[in-house]
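Novice: Below is the structure I would like to discuss, written out as structure tokens.
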Amino acid sequence: MREHFFRGSFMKKTQIFISLFAFVTCILLSNNLYADSTESVVTDGHSHAEVKRGERFFKGLLPFDRNYSSCVSCHNLNQVDTLNWNPSAMDIAMKFVDKDFEAFQASVMNPVGVKMEASHVNFNISEEDLKTVKIYLDDLVHTGTPVPKPTHYNLILFLFLGLLITWAVVELIFIRKIKLKFIPLIILLGAFGWQVKMIVTDAIKLGRQENYAPDQPIKFSHKVHAGENGIDCMYCHTTVEQSKSAGIPATNLCMNCHILIREGTNSGKFEIAKVVDAAENGHSIEWKRIHNLPDHVYFSHAVHVGSGKLDCMQCHGPVDEMDIMQQHSDLSMGWCVNCHRDTEVDFGNNGYYEHYVKLHEELKSGAIDSVKAVDIGANDCMRCHY
Amino acid sequence: MTKYWRSLDELNNPVEFKQNEVKLELDAKRAVMKKASGSSRRDFLKTFGFSVAAAAVVASCKRPVDKAIPYLVKPEEVTPGMANYYASSYFEANEYCSVLVKVRDGRPIKIEGNDLSSVSQKGTSARVQASVLDLYDDARFKTPLKRGEATNWEEVDSYITKKLEQLNSDNKKVVLLTSSIISPTTKKVIAGFQEKYSNVEWVKYDAVSASGILEANQQSFGTALIPDYRFERAKVIASFGADFLGTWLSSTEYTKAYAAGRRVLDKGDEMSRHYQFESGMTLTGSNADVRVPIKPSEEKTILTALYYQLLQAKGFMTIAAPGSPVDVTGLAEDLLANEGKSLVISGSNDVNIQLIVNAINNLLGNYGSTILFDRTLNTHQAIDAEFEKVFARLKNKEIAGVLCWGVNPVYNHPKGQELKELISGAELSVSFSDRKDETTAACHWVCPAPHYLEAWNDAEPKKGLFSLSQPTISKLFDSRQVQETLLKWAGEEQPNYYELLKANWEENFTGLQSKYSDSRLFWNDALQKGVFETEIIAEAPVYSENGLENALQLGGAESQGWEIVFYQSVALKDGSSANNPWLQELPDPVAKISWDNFAAVPVKWAEENGLQNESVITINGIEMPVFVQPGQAPGTISVALGYGREVAGKVGDGVGKNMYALASIQNNAKQLWLGGADVQTTTKTFELALSQTHHSMEGRPIVRETNFDKWLLDPASGNEIREEHLEHHVSMYPEQEFKGHHWAMAVDLGSCVGCGNCSISCQAENNVQVIGKEQVRNRRIMHWIRIDRYFSNDAENPDVYHQPVMCQHCDNAPCENVCPVSATPHSEEGLNQMAYNRCVGTKYCVNNCPYKVRRFNWFQYVQNPEFDYASNSDLGRMVLNPDVTVRSRGVVEKCSFCVQRIQEKKAEAKVAGRMLKDGEVQPACVQSCPADALVFGDVNDPKSKINKLFKNERNYHLLEELHTLPSVGYLTKVRNKKA
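Each protein sequence line maps, in turn, to chains A and B. Numbered per the numbering used here, the first sequence spans residues 420 to 805. Numbered per the numbering used here, the second sequence spans residues 455 to 1433.
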């Protein structure tokens, strides 16, 4: 009995030690990752204190007695998942980093545009305060906005399940305190099963980015363009019927409309100004690519839209409701293949299918009632992989 | 049945050969095992553990963020994801070809033949195909150089202009040394340059010139021109050492015509008879109906004898014809029976030989029928004697400056080393070369020209047949067109060759046509088509016997001991593209050796002296590895030119030996043979990358052949065994039904000459990787389409067969059944598919394929410093076709029938809602085949060409008895020997 106890307590100590070690390591590691970003580089002869003061002002911590809302209440530090139409601190910082204080001051205090005029009322900010804001913003360009710490719910859960398993095993073999053996057994199996499920789902998801919705350099809203204004998809994505690639509109195509439309109902002038700037000064707009197929997959929009007459939304989802564009389908091979199995080919109306003499005969004789994509080889390997 | 053999060992000791082959195979396997056993099971577990851990870490990382950057202003003609084709002209190493350049998203990635050109007629050669890789060559100059140091154009211009002016006022001579220039506008630029600098002389120099023909025609016809040889009109072709299918004059054009004159598919088709008198086995000789091995010194005696026999037979002479080392009565009879429908040519650079050839052709009435003087060939303009004069004057310090453009005499002149000193000792030496070479290394100034795919130019390869070159990519480096450089030095402030070219065409060429009255419309049309061909009415020059008597009296050259023949290799030609890894790895069409030149020695001599392949002999002190060449004339040795470059770049440096040093200057012309050579055997050996004993077909009736007279009686002759095979086609399983397309290819063995164009075309299209000499030796060559070469009959003078073999796309494929992961299933359209990302590399399919067409990636060949060829740099990888996966280590690959092209054309048809036209889908090999030997199409379409060919009596399939049901058909080889 004594021996048992001894061994039990020894195991417990080891266990505690390992858990502690893992915990501390995790904390240390995660701290290490962000250690640099909190440090503020003093630039352009401005002191750390000035930068800090500017930051406090921007975030509404200074001054205490004001009758206007803080900057941060409208301007996020950086873009976030929910669409905030107003330019972020980073956006503003980038715009004014090469300009002098007067330009910045003019823009804040004497706003132009309907939306900005409405929100920048009653701004009685002292020049001193505004200067520190400019200093803070300039600093921001160099240091970058702090990266939000990622939350590892899954990892924590996984580790917790691991602990549960360890406990259950130890309980079953060594401690044996719980009389009802099935309790630790169920916990063991349940926790283990859950872990396996987590691994399998994550493994399948590897390399897939369903719901991927990165921040774009311009707050471009498909909802505004395709939904509210009802612009046809193909007005911008012009090559979708001829080429494998649907085509991202060239900047001069944006200017077809934005040569006149310089202010948006949501974003005011700031976002559209970026497009105008790109077009006029010859910068490229570096959009982030959302739909990424692996390199060994060949996908042709021409075949699906040009010939198959599929609706864009069948794969891309309710684009007309998306302020922030996101990947709707998982673009997995299973998803492709299943659609090929179910989709009927418009056999009668496309001259190309006259090559399929046998299938036409079968259709006529009633041996088959429809031709699915899979029947003309849509699921052959070398339709997509070559 | 004819006995076929692949090497002499196999012919003489078949059993031993087989045993040896098995042994070699085992050795190779053991070597692999040995390498693998370096790591034990424990190591494996360790690695496994680490990789799992690494995978876990990687998996927890986020995917990299890809950018999608649109155009600012999209050019009208560019559609992302779709290729554009621009017509252009290739002219390098005296070879002209009208081409279409496939440009995908701003990068030229593939060369195709232009069917609008009546010169190259949609055909290309391996060299033309590989030229796109030269664009992305690391050995290209990135900036102008001053004594090897980077400089800028301002400095170059100010110094050289001043220097030229100074030399001009001092009346010191400057030589502009160029290769043949076929561009009319460039000629104008040079004329303008000479006008400004009256001390500049323009001298042309070709590495391998046709000065023998030019000078002979000067004497016989009063014009130093190369006539238009019409091989398709000739019923009898007699070639004396001219490799007209491989490298002689305009080989792509001649291949087209030659194949057209010999294609027999339907009743009534006729076929020419081809005699070849040569020393080494050339590509042309391997296709001849009657091949006669001769020494080069005998050529003139034989031609003289032939001439006298013809004279005698026509009653012009009564005395007996002089004797000949070989019997030419048969040839004389054939020639006389086909007067005006025959063609006699010689590859010799000896003006006397060419004079006799002219006399024979005149006697036979070939001028005006098979040899025309209306469309004379402009690609070979250099007279060797001119350069020899320059050489002498350089030596005497009579020339103060040398401007070298497109020439490399330091490498390819017999006295190159001396020349190097002379050039670097000149007051002014400038090279316009776009990449490193020996002559450029000797020059003080380098003013790099752009690659032809980056430049504007025009060309007149044959009289009245014009074509244009246009840039298909912005200049990759700081280069400037030579024409602009010359204009600049001649005093123009802002030289623009494009404007000059356009103006020249609009002014001078618009009047030559009547379709467009507006010169701008004419220019656009010509630029779009790439070619502009005018009608020509030329009076045939009158033949005179000038110099003939003298030529006949001089007699033949003395034969003294060994005679060494230097020939241009089909892959490298004169050696200017030696830094191109595709060409270096292309096996020689006859010897099947890549990555080296070698001494092809006669069989008997090798046996007597105990020499084998890879033994080493010395020729005038130069060590050369031996290849025992069946058909090599006794007393001769053949060695390829174009190797042994010293300043070519990382790929070409030090590959093989430079043989130009042994060529001789006789009668002021470069003679590509050497008499009385000192040949010594050694006990050394040198490893050669032979692909000859790869791909054994185990003596089965793989190549089937017939003779023309037998074919006339029975079109299925030689193919009788097929009936038996078809009778035995019984299967327990139902045959797959193809409800739509059923893709298939036919290979006409009668037309295929074995030039290797398809291998390189496929390599460019399908991102096939170069693996280097060692791996080729290990039998791992990656070419998706290889050309098997077989010999039959007499080892001293065998018949040769070329057979392109690619994946046969069997409908009952042995490879498909054995794949454990289903990575290679059959498609609904009859394709044998290969899914790389599914393949785990068991290689069961490789082993089970009876045709040995599957290739395994033993290593990572891309971005691997161990394989530092084209795919190890960002620049070199720009040539990759974005529509084809770049395979990584550990997967199997093979011919896909260019499925990306099938899919592309299908998509086009589907979107347009129309059926595919027959011949619309063309795999890379088919598109540019200069012999039209390959036909691709949908065999389910009863009206298609392929369907008809599959029903032709000559059609058979490889190893049909195995019931693999291949989708590739072969048409029997037809020869036209005398019955």
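The C-beta atom is built at its ideal place from N, Cα and C for all residues, glycine as well.
Closer than 8 Å, CB to CB, is leucine 1370 (chain B) near chain A or not?
Specialist: Yes, leucine 1370 (chain B) counts as interfacial toward chain A.
Novice: The beta strand (DSSP E) spanning glutamine 1134 (chain B) covers which residue range?
Specialist: 1133 to 1139 is the extent of the beta strand (DSSP E) around glutamine 1134 (chain B).
Novice: Counting only C-beta atoms, is isoleucine 743 (chain A) closer than 8 Å to chain B at any point?
Specialist: With 8 Å as the cut-off, isoleucine 743 (chain A) does not count as an interface residue toward chain B.
Novice: What in chain A is Cβ-close to leucine 1285 (chain B), meaning under 7 Å?
Specialist: By Cβ distance, chain A contributes Met801.
Novice: Any C-beta of chain D within less than 7 Å: which residues of the stretch 658 to 682 of chain A qualify?
Specialist: No chain D is present in this structure, whose protein chains are A and B.
Novice: Does leucine 526 (chain B) come within less than 8 Å of chain A when only Cβ atoms are used?
Specialist: Judged by the 8 Å Cβ criterion, leucine 526 (chain B) is in contact with chain A.
Novice: In the structure shown, what three-state DSSP assignment does leucine 532 (chain A) receive?
Specialist: With the sequence shown as reference, residue 532 (chain A) is identified as glycine, and leucine is not the correct amino acid for it. Correct three-state label for glycine 532 (chain A): coil.
Novice: Does any C-beta atom of chain A lie closer than 8 Å to the C-beta of glycine 945 (chain B)?
Specialist: Not an interface residue.
Novice: Express the C-alpha separation of threonine 772 (chain B) and threonine 736 (chain B) in angstroms, rounding to a whole number.
Specialist: Rounded to the nearest angstrom, the two C-alpha atoms are 37 Å apart.
Novice: Taking 7 Å as the limit between beta carbons, can you name the residues of its chain near valine 1230 (chain B), skipping five residues before and five after?
Specialist: Cβ within range, chain order: Glu1039, Ser1048, Trp1049, Ala1143, Ser1145.
Novice: Starting from the C-beta of isoleucine 853 (chain B), find all residues in its chain whose C-beta is less than 6 Å away, skip the five residues before and the five after it, and write them out in chain order.
Specialist: Excluding sequence neighbours, isoleucine 853 (chain B) sits near Lys627, Val629, Arg847.
Novice: How would you call methionine 1199 (chain B), buried or exposed, if buried means at least 16 neighbouring beta carbons within 10 angstroms?
Specialist: Under this definition methionine 1199 (chain B) is a buried residue.
Novice: Would you mind stating whether aspartate 804 (chain B) and glutamine 1125 (chain B) have Cβ atoms separated by less than 8 Å?
Specialist: Cβ distance < 8 Å, so aspartate 804 (chain B) and glutamine 1125 (chain B) count as in contact.
Novice: For the ligand MG, any of its heavy atoms closer than 7 Å to the Cβ of alanine 593 (chain B)?
Specialist: This structure lacks the ligand MG, and indeed carries no ligand of any kind.
Novice: Assuming threonine 1137 (chain B) and leucine 1065 (chain B) are in contact, meaning their beta carbons sit under 8 Å apart, how far apart are those beta carbons, in whole angstroms?
Specialist: About 11 Å; that fails the 8 Å criterion.
Novice: Which two residues bound the contiguous alpha helix (DSSP H) that contains isoleucine 1073 (chain B)?
Specialist: Per DSSP, isoleucine 1073 (chain B) belongs to no alpha helix (DSSP H); it is in the beta strand (DSSP E), 1069 to 1073.
Novice: Could you pull out every unbroken beta strand (DSSP E) segment of at least 3 residues lying fully inside the stretch 715 to 768 of chain B, listed in chain order?
Specialist: The stretch 715 to 768 of chain B contains these whole beta strand (DSSP E) runs: 727 to 732, 744 to 747.
Novice: Start and end of the beta strand (DSSP E) containing valine 985 (chain B)?
Specialist: 985 to 987 is the span of the beta strand (DSSP E), which, as asked, contains valine 985 (chain B).
Novice: Which same chain residues, not among the five before or five after valine 756 (chain A), have their C-beta less than 6 Å away from its C-beta?
Specialist: Asn798.
Novice: Pick helix, strand or coil for histidine 1256 (chain B), following the three-state DSSP scheme.
Specialist: The answer is strand: DSSP assigns histidine 1256 (chain B) an E or B state.
Novice: Taking the C-alpha atoms as reference points, what is the distance between lysine 1427 (chain B) and arginine 1240 (chain B)?
Specialist: Approximately 18 Å between the Cα atoms of the pair.
Novice: Considering Cα atoms alone, identify which of B:Val798, B:Ser633, B:Ala1363, B:Asn1211 is closest to alanine 661 (chain B).
Specialist: Among B:Val798, B:Ser633, B:Ala1363, B:Asn1211, the Cα nearest to that of alanine 661 (chain B) belongs to B:Ser633.
Novice: Are at least three pairs of beta-carbons, each pair with one atom in the stretch 656 to 670 of chain A and one in the stretch 718 to 725 of chain A, less than 8 Å apart?
Specialist: Contact holds: three or more Cβ-Cβ distances are below 8 Å.
Novice: Cβ atoms of valine 1307 (chain B) and methionine 1369 (chain B): under 8 Å apart, would you say?
Specialist: No, they are not a contact pair.
Novice: With distances taken from CA atoms, which of B:Asn1302, B:His1280, B:Tyr1305, B:Ser1276 is nearest cysteine 1293 (chain B)?
Specialist: Out of B:Asn1302, B:His1280, B:Tyr1305, B:Ser1276, B:Ser1276 has the C-alpha closest to the C-alpha of cysteine 1293 (chain B).
Novice: Between proline 482 (chain A) and histidine 494 (chain A), which are expected to be in contact by the criterion C-beta below 8 Å, what is the C-beta distance as a whole number of angstroms?
Specialist: The Cβ separation is near 18 Å, so there is no contact.
Novice: Ignoring anything shorter than 4 residues, give me the alpha helix (DSSP H) runs that lie fully in the stretch 1320 to 1366 of chain B, in order along the chain.
Specialist: Qualifying alpha helix (DSSP H) stretches, in chain order: 1353 to 1366.
Novice: With 16 other CB atoms within 10 Å as the buried threshold, where does glutamate 458 (chain A) fall?
Specialist: With a pLDDT of 45 at glutamate 458 (chain A), under the threshold of 50, the predicted position of this residue should be treated as unreliable, though the coordinate-derived value follows. Counting Cβ neighbours within 10 Å, glutamate 458 (chain A) comes out exposed, since fewer than 16 surround it.
Novice: Below 8 Å on the Cβ atoms is my contact criterion, and I expect histidine 1263 (chain B) with glutamate 1415 (chain B) to pass it. Report the Cβ-Cβ distance as a whole number of Å.
Specialist: Not really, about 18 Å apart at Cβ, beyond 8 Å.
Novice: Taking the DSSP output, what are the residues bridged to histidine 1434 (chain B)?
Specialist: Given that chain B is displayed from residue 455 to residue 1433, the structure contains no residue 1434 (chain B) and the question cannot be resolved.
Novice: Alpha carbon to alpha carbon, how far is serine 637 (chain B) from isoleucine 877 (chain B)?
Specialist: Serine 637 (chain B) and isoleucine 877 (chain B): Cα-Cα distance of roughly 26 Å.
Novice: Cβ of asparagine 757 (chain A) less than 8 Å from any chain B Cβ?
Specialist: Closer than 8 Å: no.
Novice: By the criterion of Cβ-Cβ separation under 7 Å, what are the contact partners of arginine 708 (chain A) in chain B?
Specialist: Under the 7 Å cutoff, chain B gives Asp520, Lys521, Ala522.
Novice: Quick one: measure Cβ to Cβ for serine 410 (chain B) and valine 1044 (chain B), integer angstroms, because I've assumed they're closer than 8 Å.
Specialist: Since the first residue of chain B shown is 455 and the last is 1433, residue 410 (chain B) is not available in this structure.
Novice: Flag this pair as yes or no: are the beta carbons of serine 543 (chain B) and leucine 922 (chain B) separated by less than 8 Å?
Specialist: Their beta carbons are under 8 Å apart, which means serine 543 (chain B) touches leucine 922 (chain B) by this criterion.
Novice: Report the neighbours of tyrosine 544 (chain B) on chain A: residues whose CB is nearer than 7 Å to its CB, in chain order.
Specialist: What tyrosine 544 (chain B) touches in chain A: nothing, since even the nearest Cβ is about 28 Å away.
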